[in-house]
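Everything on this sheet refers to the single structure shown next.
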Amino acid sequence: MDEFWTIQVGRFKLTTLEFGRFKLDGGAMFGVVPRMLWQRYHPADENNRIEMALRCLLVEVDDRRILVDTGFGQGRAQKFKNMYEYTGEDDYLVPALKKVGLTTVDITDVIITHLHFDHNGGSTIYKETQPQPAFPKARYHIQKQQLEHARSRFERDRASYLPEDFEPLLDAGAVELKDGEWELWPGLDIVICNGHTPAMQLPRIRGDRQTVLYAADLIPLHSHFPLPWIMAYDLYPLTTLEEKRRLLPQAAREKWVFIFEHDPFYVAGYVEETTRGFSFTKL
Ligand SMILES: [Zn+2]
Numbered sequence: 000m001d002e003f004w005t006i007q008v009g010r011f012k013l014t015t016l017e018f019g020r021f022k023l024d025g026g027a028m029f030g031v032v033p034r035m036l037w038q039r040y041h042p043a044d045e046n047n048r049i050e051m052a053l054r055c056l057l058v059e060v061d062d063r064r065i066l067v068d069t070g071f072g073q074g075r076a077q078k079f080k081n082m083y084e085y086t087g088e089d090d091y092l093v094p095a096l097k098k099v100g101l102t103t104v105d106i107t108d109v110i111i112t113h114l115h116f117d118h119n120g121g122s123t124i125y126k127e128t129q130p131q132p133a134f135p136k137a138r139y140h141i142q143k144q145q146l147e148h149a150r151s152r153f154e155r156d157r158a159s160y161l162p163e164d165f166e167p168l169l170d171a172g173a174v175e176l177k178d179g180e181w182e183l184w185p186g187l188d189i190v191i192c193n194g195h196t197p198a199m200q201l202p203r204i205r206g207d208r209q210t211v212l213y214a215a216d217l218i219p220l221h222s223h224f225p226l227p228w229i230m231a232y233d234l235y236p237l238t239t240l241e242e243k244r245r246l247l248p249q250a251a252r253e254k255w256v257f258i259f260e261h262d263p264f265y266v267a268g269y270v271e272e273t274t275r276g277f278s279f280t281k282l
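Just so we're aligned: the sequence shown equals residues 0 to 282 in numbering that gives the first Met the number 0.
Written as structure tokens, this is what we have:
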């Protein structure tokens, strides 16, 4: 699979950056769907875990270089990496950006879909002993409700939030808090979903002929298009169901390209609607 997949959408150049793999429990990834069904698409290991990609998105338009999500975290403790069988390098963002001719200083904006550690981990980096913003010139765009939720230390999902990934960004004054839907650039707007976690923000890029959605944890794997295929991690699975019911018919009609943050087999794909429901089709 291509490590760097690109697509031009109007004036936007999109490039996916893949940094490594990790593993999560297959059952948790598919909620009520039995293993008999999901293992056809995602073979499980002896611990019932499936492979997950870590794939961020670079959006370039005029003088803006926008990074969407920042991956697993730079320089995590070995014990933490072992727990998730993480395969990435410690400073993965530096070589990944170098391959597309950029350095961390070139990033003007970082859109964080939500603050779970596997989406926002690379936003900070340790300089000596202190975590600091990994992109010194960037504005970090974070939803206010998501930050409040992350700080609430809610028992069900607090293991997914590591304060060292986001508090240093706020301390450095690098964050722009957003409240709901917004537009970063004409043609790049944000879709809000609340089923996975409060105020997850999905960047949508629209050209004259093509729309691309970075699907984060709404459609994390290519197999998540059928309506009931919803992660057990979602705080409000019935809200996710309604969000899929709302977005997918339009996406199927207009042939949106979905970029999958976690799929180990496909970088991107379309959704198709038939009498049997929604399903994945290749680009
Ligand atoms: Zn998540």
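Built from N, CA and C at the ideal position, the CB exists for glycine as well.
Item, Value
"Roughly how many whole angstroms lie between the Cα atoms of residue 236 and residue 230?", "8 angstroms"
"For residue 292 and residue 77, what's the separation of their Cα atoms in angstroms?", "Shown here, the chain extends from 0 to 282; a query on residue 292 therefore has no answer."
"Could you please give me the residues that DSSP links to residue 199 through a beta bridge?", "192"
"Among 270, 72 and 85, which residue has its Cα nearest to the Cα of residue 48?", "85"
"Is DSSP giving residue 231 helix, strand or coil here?", "coil"
"Need the endpoints of the alpha helix (DSSP H) that residue 238 sits in, please.", "236-252"
"Tell me the residue span of the beta strand (DSSP E) that contains residue 24.", "11-24"
"So what does DSSP say about residue 48, is it helix, strand or coil?", "strand"
"Quick one: which unbroken beta strand (DSSP E) runs of 3-plus residues sit fully inside the segment 75-117? Chain order, please.", "108-110"
"Go ahead and label residue 103 buried or exposed: buried means 16 or more other beta carbons lie within 10 angstroms of its beta carbon, across all protein chains shown.", "buried"
"So residue 118 packs on residue 111, CB below 8 angstroms; how close in whole Å?", "7 angstroms"
"Using the DSSP secondary-structure output, state which residues sit across from residue 277 in a beta bridge.", "272"
"Short check: CB of residue 130 to CB of residue 162, under 7 angstroms?", "no"
"Residues bridged to residue 142 by DSSP?", "177"
"Starting from residue 130 and walking both ways along the beta strand (DSSP E), at which residues does that stretch end?", "129-132"
"Kindly indicate which residue of 22, 31 and 144 has the alpha-carbon position closest to the one of residue 284.", "Given that the chain is displayed from residue 0 to residue 282, the structure contains no residue 284 and the question cannot be resolved."
"Give the straight-line distance between the Cα atoms of residue 98 and residue 132, rounded to the nearest whole angstrom.", "21 angstroms"
"Quick one: does the C-beta of residue 24 sit closer than 6 angstroms to a heavy atom of ligand 1?", "no"
"With a threshold of 6 angstroms, establish whether the CB of residue 223 neighbours any heavy atom of ligand 1.", "no"
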